[in-house]
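Protein chains in written order, with the numbering used here: chain A, 3 to 80; chain B, -3 to 299.
In structure tokens:
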């Protein structure tokens, strides 16, 4: 079954962009939350990740701060 | 074995890749991210041909331009560069490796740390090195920007419309471009604190305050801020070739006017080198020059 992928991002963050491009390249569907414009998503992100930076990526409940391609690849594809 | 390995993903590397392709070199570019420091810039207003463009868009233009040429790209970090007979080997973070007869190191720079108590503890919990990325997370809150150069003034300009109050803390008078200074100077919610040294960052879960001390009378102030934006310059990422080529005291790779390092076949370009004035447009020029020097070198090697 496909894993649930969520990314909290801002439009101006290059790591967010790299992560989204990676998901597109790999055909991974993801939900995007723009924490620059969505205050509720911002609070939610800080709650689940205890962080104030983007991106935060959540894959089936596991939280990753920043985009480390190898780490995400391992989580997605084993 | 490739002709040329270009390590880096900023303007120097992209420009080198394009010149290498046009000289019909079999080149490979090794970089996990696109744009380098350009991608983290808010607005770029001094890159020829682009009166005003966001850093991320300019980085996209680099990529689009690069895509016109068939240059292999490996989106991984280069961990090590070593010499081998007839060329060099780059080890990647995945453990795989790439070989090339010549190489251009264009690994750029990364943010300089303050080195004060609380900084490491609160990274990503209020302490940030990328205002462009993280400024929107501090809507209506009080924040401090540390630094007085172009990047600091840009960070302040991004925070002014978003944050409640912006303290701009610098040891010395601002040395940013006059155009950037003018943009920050008029903001009602910006307080310029010149002549202050940052001492410590405090908080519990997230940052709650920044302690600074006046250079003149040593009086301390505790600024109630939720964000500390560190913009005090950058340090060269020359680790890859440490011990292999000459570095100067600042850790920059020493290059000649054609981008040659102290080792034949190994070139360097952009902000990682000892060339003066770190600017995107200069890095692009450096990259082009290093690629041409590498092409000449390879002609010689081929005999």
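Every residue, glycine too, gets a C-beta built ideally from N, C-alpha and C.
Note that the structure is predicted; figures quoted are calculated from it, not measured.
- At a cut-off of 8 Å, the C-beta of residue 35 of chain B has a neighbouring C-beta in chain A.
- Around the Cβ of residue 269 of chain B, a 10 Å sphere holds 16 or more other Cβ atoms; the residue is buried.
- For residue 110 of chain B, the closest of B:32, B:295, B:100, B:196 by C-alpha to C-alpha distance is B:196.
- Close to residue 29 of chain B, with beta-carbon spacing below 8 Å, are these residues of chain A in chain order: 16, 17, 20.
- Counted as a single uninterrupted DSSP element, the alpha helix (DSSP H) harbouring residue 10 of chain B occupies residues 7 to 18.
- DSSP places residue 6 of chain A in the coil class of the three-state scheme, outside both helix and strand.
- In this structure, the straight-line span from the alpha carbon of residue 250 of chain B to that of residue 89 of chain B is close to 26 Å.
- Proximity of chain A to residue 135 of chain B at the Cβ level (cut-off 8 Å) is accounted for by 41, 44, in chain order.
- Note on the region 101 to 126 of chain B: whole beta strand (DSSP E) runs with a minimum of 3 residues are 105 to 107, in chain order.
- Counted as a single uninterrupted DSSP element, the alpha helix (DSSP H) harbouring residue 24 of chain A occupies residues 16 to 27.
- Taken in chain order, the complete beta strand (DSSP E) segments of 3 residues or longer contained in the region 206 to 256 of chain B are 216 to 219, 223 to 226, 230 to 232.
- Under the three-state reduction of DSSP output, residue -2 of chain B falls in the strand class.
- Contact between the region 113 to 128 of chain B and the region 22 to 39 of chain B is present: three or more C-beta pairs spanning the two stretches fall below 8 Å.
- Note on geometry: alpha-carbon atoms of residue 20 of chain A and residue 213 of chain B lie some 47 Å from one another.
- Residue 243 of chain B and residue 62 of chain A have their C-alpha atoms roughly 46 Å apart.
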